[in-house]
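Protein chains in written order, with the UniProt record's numbering: chain A, 1 to 222; chain B, 1 to 222.
Every residue, glycine too, gets a C-beta built ideally from N, C-alpha and C.
In what follows, a single structure is set out as structure tokens and then discussed.
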């Protein structure tokens with residue numbers, strides 16, 4: 001069966017889980033503790049990072065960007081990048097913004113400090129890094145709120161990979177309780193729509209040892 | 001005319017310059033000091049980063065990933081991603097490896113410490129960061145050397161975006177004199193082939209205030 005090596009609170013892994021679910025492609029999810037650098041896992045992906053997808057025909061597809069572009073080409077029935085060149089540019093632009101700017105300034109920092117340090121035994125969160133992440137978060141969440149206010153979906157007038165990428169990042173932050181939803185009402189409305197999609201359900205059932213998500217994490221009316 | 005906002009020693013910008021050249025798409029190159037956060041530039045790309053491509057029809061395409069995928073779709077005569085699903089996965093995998101692992105551990109560190117700090121007035125290089133970059137460089141360059149030894153080109157049996165991405169990163173490191181070519185002979189042979197392509201010439205003419213590249217930087221027989 002199609003297999004995905006992933007980590008529950010990796011936004012890149014969550015993006016792929018959402019896209020596989022949305023495209024109705026069944027898969028077995030295997031949690032990989034990538035920081036342990038298992039030789040068998042490094043053989044699948046020399047970068048040593050999740051997610052890695054292994055298809056039934058043996059094709060190994062690592063990296064969120066590579067997997068999402070592959071799934072779009074291999075399973076085109078439910079397209080998630082748009083049709084025109086301009087639509088596809090805008091969807092990918094929002095995806096890239098989350099994967100680079102938002103990951104570097106906000107989600108990557110929170111997840112590294114609050115989750116990865118604990119899981120990989122690298123000590124306690126660094127208060128300074130968390131303060132920087134909070135400071136960066138305000139203008140960036142405002143940008144996301146502007147997108148959500150002015151469009152049906154984050155990448156344009158249709159549901160796209162931009163929405164799944166954004167939902168993957170924000171759902172990780174929500175799990176560790178770091179989003180003040182009252183300050184970004186348009187994002188909250190958009191996120192409620194995302195949360196109610198069937199592909200989202202497995203993410204709401206994730207449990208991570210030692211971290212308890214807030215009550216509203218699984219609540220569709222939060 | 002088609003315009004590219006870029007920075008001479010940004011690997012992402014160099015990748016796009018090489019791809020535009022290889023696809024024989026003429027463009028005007030404008031150096032953008034992205035760290036100055038010009039409002040007109042932020043309007044083109046809210047991420048505030050180079051490269052940004054502006055097409056004659058007004059379409060704005062920011063981000064190296066978005067630009068390269070766009071150019072592949074819009075100008076398909078000279079394809080740079082391969083034909084089969086498996087070929088495209090492998091090309092994109094090598095691209096992603098350079099853009100994430102190699103950029104984070106090696107090229108990003110060297111360029112930030114030796115170039116960006118000087119250009120943006122953020123002080124002197126941090127010796128500790130440079131030592132870490134040198135330590136990371138050895139195994140990663142060995143990996144690139146293994147690829148170059150076992151394949152015609154880095155992404156497979158054909159010239160692809162993997163080669164242009166790799167050449168963009170390595171040419172920046174070569175400009176600042178940080179590659180010991182004698183240790184990676186297969187990479188050197190491959191890089192000599194890349195350097196002799198017409199699309200590479202503009203990169204060899206780059207000059208950056210205050211930084212003198214080594215003599216062999218422009219030499220096709222180095």
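Nearest-angstrom Cα distance between residue 228 of chain B and residue 205 of chain B?
For residue 228 of chain B there is no data in the structure shown, the boundaries of chain B being 1 and 222.
Chain B partners of residue 73 of chain A, CB-CB under 8 Å?
85, 88
Answer yes or no: does any C-beta atom of chain A fall closer than 8 Å to that of residue 97 of chain B?
yes
Element boundaries [beta strand (DSSP E), containing residue 62 of chain A]:
60-62
Can you have a look at residue 37 of chain B and say buried or exposed, based on whether 16 or more other CB atoms are within 10 angstroms of its CB?
exposed
Does residue 228 of chain B get closer than 8 Å to chain A when you measure Cβ to Cβ?
Residue 228 of chain B is absent from the structure shown; chain B starts at 1 and stops at 222.
Skipping 5 residues on each side, what residues in its chain have a beta carbon closer than 8 Å to that of residue 28 of chain B?
1, 2, 3, 4
Please state whether DSSP places residue 100 of chain B in a helix, a strand or coil.
helix
Kindly say whether residue 101 of chain B, judged by its beta-carbon, lies nearer than 8 Å to any beta-carbon of chain A.
yes
Per DSSP, cross-strand counterpart(s) of residue 4 of chain A:
A:29, A:53
Based on DSSP bridge pairs, tell me the residues matched to residue 181 of chain A.
BP columns for residue 181 of chain A are empty, so no partner.
Taking residue 50 of chain B as the reference, give the member of A:67, A:159, A:93 with the closest Cα.
A:93
What are the start and end residues of the alpha helix (DSSP H) that includes residue 137 of chain A?
127-150
Three-state secondary structure assigned by DSSP to residue 156 of chain B:
strand
Along the chain, where does the alpha helix (DSSP H) containing residue 22 of chain A start, and where does it finish?
11-22
From residue 221 of chain A to residue 191 of chain A, what distance separates their C-alpha atoms?
10 Å
Just curious, the alpha helix (DSSP H) that residue 166 of chain A is in, first and last residue?
161-175
Step through the CB atoms of chain A and report whether any lies within less than 8 Å of the CB of residue 214 of chain B.
no
Could you tell me if residue 8 of chain A is buried or exposed, where buried requires 16 or more neighbouring beta carbons within 10 angstroms of its beta carbon?
buried
Buried or exposed: which applies to residue 121 of chain B, given that a residue is buried once 16 or more other Cβ atoms fall within 10 Å of its Cβ?
exposed
Below 8 Å on C-beta distance, what does residue 217 of chain B contact in chain A?
In chain order: nothing, as chain A lies at least about 28 Å away.
Is residue 2 of chain B close to chain A, meaning its C-beta is less than 8 Å from at least one C-beta of that chain?
no
Would you say residue 174 of chain B reaches chain A, if we count a Cβ-Cβ gap shorter than 8 Å as a contact?
no
Rounded to a whole number of angstroms, what is the C-alpha to C-alpha distance between residue 167 of chain B and residue 47 of chain B?
24 Å
With 8 Å as the threshold, decide whether the Cβ of residue 92 of chain B is near any Cβ in chain A.
yes
If contact is defined by three or more beta carbon pairs under 8 Å, each pair taking one atom from either stretch, is the region 57-76 of chain A in contact with the region 10-29 of chain A?
yes
So residue 61 of chain A contacts chain B; which residues on that side make the cut at Cβ distance below 7 Å?
89
With distances taken Cα to Cα, identify the nearest neighbour of residue 155 of chain A among A:91, A:178, A:106, A:115.
A:91
DSSP-derived helix/strand/coil call for residue 78 of chain B:
coil
Taking residue 189 of chain A as the reference, which of A:162, A:118, A:171, A:149 has the closest Cα?
A:149
For residue 136 of chain A, which residues of its own chain have a beta-carbon under 7 Å away from its beta-carbon, when the five flanking residues on both sides are left out?
105, 106
Rounded straight-line distance, which links the Cα of residue 171 of chain A to that of residue 198 of chain A
15 Å
Buried or exposed by the 16-neighbour rule on C-beta atoms within 10 Å, applied to residue 56 of chain B
exposed
Spell out whether any CB of chain A is found under 8 Å from the CB atom of residue 46 of chain B.
yes
Can you find a CB in chain A that lies within less than 8 Å of the CB of residue 144 of chain B?
no
Going by CA-CA distance only, name the one from B:215, B:119, B:138 that's closest to residue 174 of chain B.
B:215
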